[in-house]
Amino acid sequence: MAYNQFIQSLDLSNSEALRVRALLESQATDDLEQIATSSTGQNVALASSIAKIVFRENIGWIGPDSENYIATCEANWSATCHLHPSCIIQPADKHDVAKALQIITTLKVPFAIRSGGHNPNRGWASAGENAILIDMNRICNVVLSQDKKTVEIGPGNRWQKVYETLDGSGVSVIGGRTGDVGIGGLILGGGFPSFSSEYGLACDNVRSFEMVLSDSSIVNASRTENPDLFWALKGGGSNFGIVTKFTYWTVPIDKIWFAARIYEPSANEQILKAIETWQKAAENERRGSIIHHIGHKRTLLGWIYSSPVEFPPLFEMFYDIPYESWFVEPTIGTILDFTKSTSNRVLGTPQKLRREAFGITTRPNTEFHTLAYDRWRQVTDQLYEQTGCDMGMVVQPLTTSAMKIGRENGGNALNTAVEPQQWMSYLAQWVKEDDDEPVRKAVFELRDYLRENAARMGILLPFVFMNNATFAQDPLTGYGAQHIARMKEVSRKYDAEQVFQTLQGDGFLLRKV
1 MAYNQFIQSL DLSNSEALRV RALLESQATD DLEQIATSST GQNVALASSI
51 AKIVFRENIG WIGPDSENYI ATCEANWSAT CHLHPSCIIQ PADKHDVAKA
101 LQIITTLKVP FAIRSGGHNP NRGWASAGEN AILIDMNRIC NVVLSQDKKT
151 VEIGPGNRWQ KVYETLDGSG VSVIGGRTGD VGIGGLILGG GFPSFSSEYG
201 LACDNVRSFE MVLSDSSIVN ASRTENPDLF WALKGGGSNF GIVTKFTYWT
251 VPIDKIWFAA RIYEPSANEQ ILKAIETWQK AAENERRGSI IHHIGHKRTL
301 LGWIYSSPVE FPPLFEMFYD IPYESWFVEP TIGTILDFTK STSNRVLGTP
351 QKLRREAFGI TTRPNTEFHT LAYDRWRQVT DQLYEQTGCD MGMVVQPLTT
401 SAMKIGRENG GNALNTAVEP QQWMSYLAQW VKEDDDEPVR KAVFELRDYL
451 RENAARMGIL LPFVFMNNAT FAQDPLTGYG AQHIARMKEV SRKYDAEQVF
501 QTLQGDGFLL RKV
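Numbering-wise (full-length UniProt numbering), the sequence shown opens with residue 1 and increments by one.
1. Do the stretch 447 to 460 and the stretch 206 to 224 make contact, defined as three or more Cβ pairs closer than 8 Å?
2. Helix or strand or just coil, what does DSSP make of Asp254?
3. Asp65 lies in the beta strand (DSSP E); which residues open and close that run?
4. For a test of the three-state rule: what should DSSP assign to Asp96, helix, strand or coil?
5. Quick check: what's the CA-CA separation for Phe111 versus Ala281?
6. Throw me the rounded Cβ distance for the Tyr494 and Gly189 pair, which I believe falls under 8 Å.
7. Helix, strand or coil, according to DSSP, for Leu347 in the structure here?
8. Contact criterion: CB-CB distance below 9 Å. Does Asn284 meet it with respect to chain B?
9. Around the Cβ of Pro193, are there at least 16 other Cβ atoms within 10 angstroms (buried) or fewer (exposed)?
10. Does DSSP classify Gly185 as helix, strand or coil?
11. Using the beta-carbon count (16 or more within 10 Å), is Val181 buried or exposed?
12. Output needed for Lys488: all residues of its chain with C-beta closer than 6 Å, excluding positions within five of it in sequence on either side, in chain order.
13. What runs of the alpha helix (DSSP H), each 4 residues or longer, lie entirely inside the stretch 114 to 161?
14. Identify the residues that DSSP records as bridge partners of Arg261: which are they?
15. By Cβ distance below 7 Å, which residues in the same chain neighbour Gly237 in space, the five residues on each side in sequence not counted?
16. Could you tell me the alpha carbon to alpha carbon distance between Thr342 and Gly302, rounded to whole angstroms?
17. Which same chain residues end up closer than 7 Å to Met317 when comparing Cβ atoms and leaving out the 5 residues on each side of it in sequence?
18. Hey, out of Ser15, His82, Ser86, whose CA is closest to Ile53's CA?
19. So, does the stretch 417 to 435 touch the stretch 219 to 232, judging by three or more C-beta pairs under 8 Å?
20. Counting Cβ pairs closer than 8 Å, one from the stretch 416 to 425 and one from the stretch 376 to 386, do we hit at least three?
21. Taking Ala202 and Gly191 to be in contact with their CB atoms under 8 Å, please state how far apart those CB atoms are, rounded to whole angstroms.
22. Mind checking whether Glu324 and Ile271 have CB atoms under 9 Å apart?
23. So, for Lys404: in the same chain, excluding its five sequence neighbours on each side, which residues have a beta-carbon less than 7 Å away from its beta-carbon?
24. Enumerate in chain order the residues of its own chain whose CB-to-CB distance from His483 is below 7 Å, with the five nearest sequence positions on each side excluded.
25. With a threshold of 16 other CB atoms inside 10 Å of the CB of Trp326, please say whether the residue is buried or exposed.
26. Whole angstroms are fine: how far does the CA of Ser266 sit from the CA of Gln504?
In structure tokens, the structure reads:
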């Protein structure tokens with residue numbers, strides 16, 4: 001690309017254009033293609049310098065010498081993702097995203113995209129010194145439509161802000177259960193919400209996506225406009241472009257009931273059996289869901305019901321299990337009240353912890369629960385003693401209804417089985433980098449043990465929930481060969497140069513399948 005064409009594509013003021021031209025003319029060659037393919041990192045340095053002019057330091061550009069550089073690098077939830085990129089671009093709108101991609105694609109610079117940074121996999125929403133991080137933090141608008149049927153949400157938001165904006169409006173959205181989780185990664189990975197039996201997964205509630213493609217063009221995707229892209233974005237991750245706006249359907253949920261208790265480990269087997277009973281009941285009563293987390297020393301069990309009914313019969317199998325204390329007192333409130341009462345105390349733990357997660361999907365089975373719990377307890381006790389690592393075990397039940405709704409709402413890429421299932425999730429958290437290897441070894445051995453035994457028992461399902469998956473898993477393969485082929489076709493159509501497969505540093509990418 002000639003200098004003039006490249007500079008013109010950035011839509012700069014005269015003075016900015018002159019500064020960019022001076023940078024380009026100071027290079028050893030006037031061949032942009034040669035600079036882009038340099039093995040010396042010349043392209044990354046040049047791209048960062050150009051981005052500094054385009055986005056302006058301390059406004060939309062952060063570099064290693066910027067005052068807030070370290071804090072911004074370490075905004076990711078897991079310390080394993082605290083990398084240090086050549087620079088951080090913080091676009092203010094879709095046009096800024098288009099400019100960022102113009103710089104990145106012209107100079108062939110590796111990059112990563114961050115919405116909330118909650119994914120604990122290194123390089124998924126973080127970038128090292130020879131790459132650029134596109135941080136969507138500034139695109140954080142939340143706009144409810146006049147008729148209250150839809151809400152426009154920027155990818156830089158966290159769910160807490162969305163719920164705060166909608167609180168008191170009489171409507172809400174089917175989004176993250178934890179307020180400090182970001183918007184983009186959760187939706188593009190599928191998204192496990194509180195009321196999945198009534199409304200499906202988070203991705204099934206998107207009316208349309210606004211996206212910047214690799215050629216810097218801006219498109220919309222919905223059931224009627226670019227429907228193939230719309231389908232692929234619902235569970236397809238960051239394979240197709242950068243989403244700059246999610247237009248979301250609202251739901252008529254205002255007041256709800258919720259409560260949560262803390263239990264001693266002695267109650268765990270009784271709780272796991274009760275979860276099996278609850279999942280059968282939930283096939284016929286769609287208004288509720290549970291929150292479950294077994295930690296090394298204590299267990300959290302909560303209930304959330306989409307109507308203001310105190311102690312609904314749907315959860316009666318849990319009420320008489322002996323408990324230690326209330327984590328959240330029984331409350332009739334809003335979804336915002338619920339997330340405020342739980343977020344900072346469940347997943348809002350210090351960001352300096354190192355984290356590793358994995359997921360496994362099975363049919364409900366009491367025998368497997370017992371086996372999984374016994375092995376988890378053995379592994380986590382040993383890890384805790386050796387490293388101080390606390391590994392949690394979570395059972396996330398989904399009903400047949402939850403799986404059907406996605407198909408009824410235009411389909412999604414996930415290809416989940418239409419039957420009751422459990423997306424089991426395990427999260428290890430530790431402090432010292434020296435413990436990375438022993439922790440990961442134990443975590444992956446536990447994953448393999450669970451998969452092997454679930455397969456032996458005939459209850460293992462191929463789907464792996466992307467939002468819970470480790471870098472050592474391949475959730476896209478679980479979508480099935482037909483869905484993968486369709487996603488690759490969409491990728492080639494909307495990303496002809498395969499920028500999001502070749503320059504995007506890492507992630508659950510189609511290039512790996």
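The C-beta atom is built at its ideal place from N, Cα and C for all residues, glycine as well.
The structure presented is a predicted model; accordingly, all values stated were derived computationally and were not measured.
For this structure:
1. Fewer than three pairs of CB atoms, one per stretch, sit closer than 8 Å, so the stretch 447 to 460 makes no contact with the stretch 206 to 224.
2. It is coil, neither helix nor strand.
3. Per DSSP, Asp65 belongs to no beta strand (DSSP E) and is neither H nor E.
4. Helix, per DSSP.
5. Each residue's alpha carbon lies about 46 Å from the other.
6. About 19 Å; that fails the 8 Å criterion.
7. Any reading at Leu347 must be qualified, since the residue scores a pLDDT of 46, below 50, and its modelled position is unreliable; no value is offered.
8. Among the protein chains of the structure shown there is no chain B, as only one such chain exists.
9. With 16 or more Cβ atoms within 10 Å of its Cβ, Pro193 is classed as buried.
10. In the structure shown, Gly185 adopts helical secondary structure according to DSSP, grouped into three states.
11. With 16 or more neighbouring CB atoms inside 10 Å of its own CB, Val181 falls in the buried class.
12. Contacts found: Leu510.
13. Scanning the stretch 114 to 161 from its first residue to its last, no whole alpha helix (DSSP H) run of 4-plus residues comes out.
14. Note: Arg261 is bridge-paired with Leu301, Trp326 in the DSSP secondary-structure output.
15. Within the same chain, Gly237 has close Cβ partners Leu188, Gly189, Met466, Gly507, Phe508.
16. The alpha-carbon separation between Thr342 and Gly302 amounts to approximately 10 Å.
17. Leaving aside the five residues that flank Met317 on each side, the residues in its chain whose CB is nearer than 7 Å to its CB run, in chain order, Ala274, Thr277, Trp278.
18. Selected option, being the one with the closest Cα: Ser15.
19. With a cut-off of 8 Å, the stretch 219 to 232 and the stretch 417 to 435 do not count as touching, because too few Cβ pairs lie within range.
20. At 8 Å Cβ cutoff, the stretches do not touch.
21. Between the beta-carbon of Ala202 and that of Gly191 there is about 2 Å, and that keeps the pair under the 8 Å contact cut.
22. The answer is no: Cβ separation not under 9 Å.
23. Scanning its chain for C-beta atoms nearer than 7 Å, with the 5 sequence neighbours on each side dropped, one finds around Lys404 the residues Val418, in chain order.
24. If we look at His483 and ignore the five residues flanking it on each side, its Cβ neighbours are Ala413, Asn415.
25. Exposed.
26. Between the alpha carbons of Gln504 and Ser266 lies a gap of roughly 46 Å.
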